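Counting from 1, position 104 in the sequence shown corresponds to residue 852 in the working numbering; the numbering is continuous, with no gaps.
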Amino acid sequence: MEKAKTVKKKITTVIAVIFMLPVALVCIFILFETIGAAVNITASHMQTAALADKIKNDTDAQVIDTYTFTGNSGGTGNHTDMVSYILIKTDDIGYVKEMLIKATGIDYAARKSVTENGNNRFDQRLLNYRTQEHNIFIIPVDEWDGRRMADPFSEWTYPEDTLNCYIVECIKSAPFRDSIMGH
């Protein structure tokens, strides 16, 4: 009798473990994704703040507004990006461009191809540079094409005069690149 109770208890324990293991794994997955999302969002806001501070402190540009997006910025693939948009007004966009090139560690050969060969989709005054780590663009407000996944237009306050206003866009992979935010 006692042996039957022991066997019954062992069988019950094994069945409980079999049913609880998937629940525990799902809970661990949800916890990992939640922590990953929190880290990605925090890192995105830190990227935007650092870039805005760099522009404010190292150039004569006026930072008008910022916007941060965390998710899949390209609409394809399973990856999570940190996207920073900074609306600036400046009379010397060339200096801002050079500061961004130096701040992101773009080497001389790449800088030469961007600045001298006109290797961008707008014009010589602007920056369109892609590295393994960064995609950086400077876009005149009037030429914003709106084809991006995140559109800060709806949330920004624009100055009355948009002459010499530019959008600085920086895209970088998130720390938890394969999180659920990229789907």
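Virtual Cβ for every residue (Gly too), placed ideally from N, Cα, C.
Small disclaimer: the values here were computed from a predicted structure and weren't measured.
- In the same chain as T796, and ignoring 5 residues on each side of it, the C-beta atoms closer than 6 Å to its own belong to T814, T816, S832, in chain order.
- Secondary structure of E891 (DSSP, three-state): helix.
- With a cutoff of 8 Å on beta-carbon distance, T905 and V889 are scored as not near each other.
- Contact annotation: the region 793-809 touches the region 835-847, with at least three C-beta pairs closer than 8 Å.
- In the structure shown, the three-state DSSP call for N912 is coil.
- Cβ-Cβ separation between A922 and T828: approximately 4 Å, consistent with a contact (criterion under 8 Å).
- With respect to the C-alpha of C913, the residue from I919, G819, V844 having the closest C-alpha is V844.
- By the beta-carbon neighbour count (other beta carbons within 10 angstroms, threshold 16), M830 is buried.
- Inclusion of E781 and S927 in the CB contact set at 8 Å is warranted, their separation being smaller than that value.
- Nearest in C-alpha terms to F885, of all of E908, R925, L835, F924, is L835.
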